[in-house]
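Residue 1 is where the sequence shown starts when you use UniProt numbering, and the numbers rise one by one after that. Working notes for the structure below.
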Amino acid sequence: MAKRGGFPGAMPGNMNNLMKQAQKMQKQMEEKTKEIETKEWEATAGGGAVTVKVSGKKEVVSVKLSEEVVDPDDIEMLEDLIVAATNEALRKMEEESAQVMNSIAGGLGGLGGGFPF
């Protein structure tokens, strides 16, 4: 006759431990998310002619242009440099955010050997 409730073959308290670890991980992720949102990342393009700073909220915080890059006859180049610097700053932010979150979520493997689904 099978036991009622729980998981077959599971040791008592394993589910409670799993829930505690999941709650701890959720709290850590929330704290890291808030921390990331307050940070800023910077990238340049055109040999430093354009500098863009973005926040962890994926917002452009500032754009700095050197005088020599402002050429009224070549607006397209300036636009391209701004896009390149912005995309690089966002890439840096995403990369660091992913590393931080993966370091927290990496503990999932130790929460009971995986899920059967």
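Don't be surprised by glycine CBs; every beta carbon is placed ideally from N, CA and C.
Pairwise C-alpha distance: residue j and residue i
i      : j     : result
Ile82  : Val63 : 8 Å
Asp80  : Val69 : 11 Å
Gly48  : Ala84 : 12 Å
Met101 : Asn16 : 23 Å
Phe117 : Asp74 : Below a pLDDT of 50, predicted positions are generally treated as unreliable, and Phe117, at 42, falls in that range; the measurement from the model is reported next regardless. Cα to Cα, Phe117 sits roughly 57 Å from Asp74.
Glu31  : Asp71 : 44 Å
Gly13  : Thr86 : 49 Å
Lys24  : Thr33 : 14 Å
Glu76  : Glu95 : 28 Å
Glu67  : Gln26 : 47 Å
Selected residue, minimal CA-CA separation from residue i, among the options
i      : options                         : result
Glu42  : Glu88, Ile104, Ser103 and Ala98 : Glu88
Glu35  : Met93, Ala105 and Glu76         : Met93
Gly106 : Gly46, Gln21 and Ser66          : Gln21
Ile99  : Met29, Lys24 and Gln23          : Position check: residue 99 holds Gln in this sequence, whereas Ile was assumed. Comparing Cα-Cα distances from Gln99 to each of Met29, Lys24 and Gln23, the minimum goes to Met29.
Cβ-Cβ distance between residue i and residue j below 8 Å
i     : j      : result
Gly56 : Ser103 : no
Val60 : Glu40  : no
Thr38 : Thr44  : no
Lys58 : Leu90  : yes
Environment of residue i [buried if 16+ CB atoms lie within 10 Å]
i      : result
Gly113 : Only weak support is given to the placement of Gly113: the predicted model assigns it a pLDDT of 45, under 50, and the value that follows is read from those uncertain coordinates. Its Cβ having fewer than 16 others within 10 Å, Gly113 is exposed.
Met19  : exposed
Identity of the residues DSSP links to residue i by a beta bridge
i     : result
Ala43 : Val52
Lys64 : Thr51
Contact test: residue i Cβ vs the ligand PLP heavy atom, cutoff 7 Å
i     : result
Val63 : With respect to the ligand PLP, the structure shown offers nothing to examine, as it has no ligands at all.
is_contact[residue i, chain B] using C-beta, thresh 8 Å
i     : result
Asn87 : Looking at the structure shown, chain B is missing, and only one protein chain is on hand.
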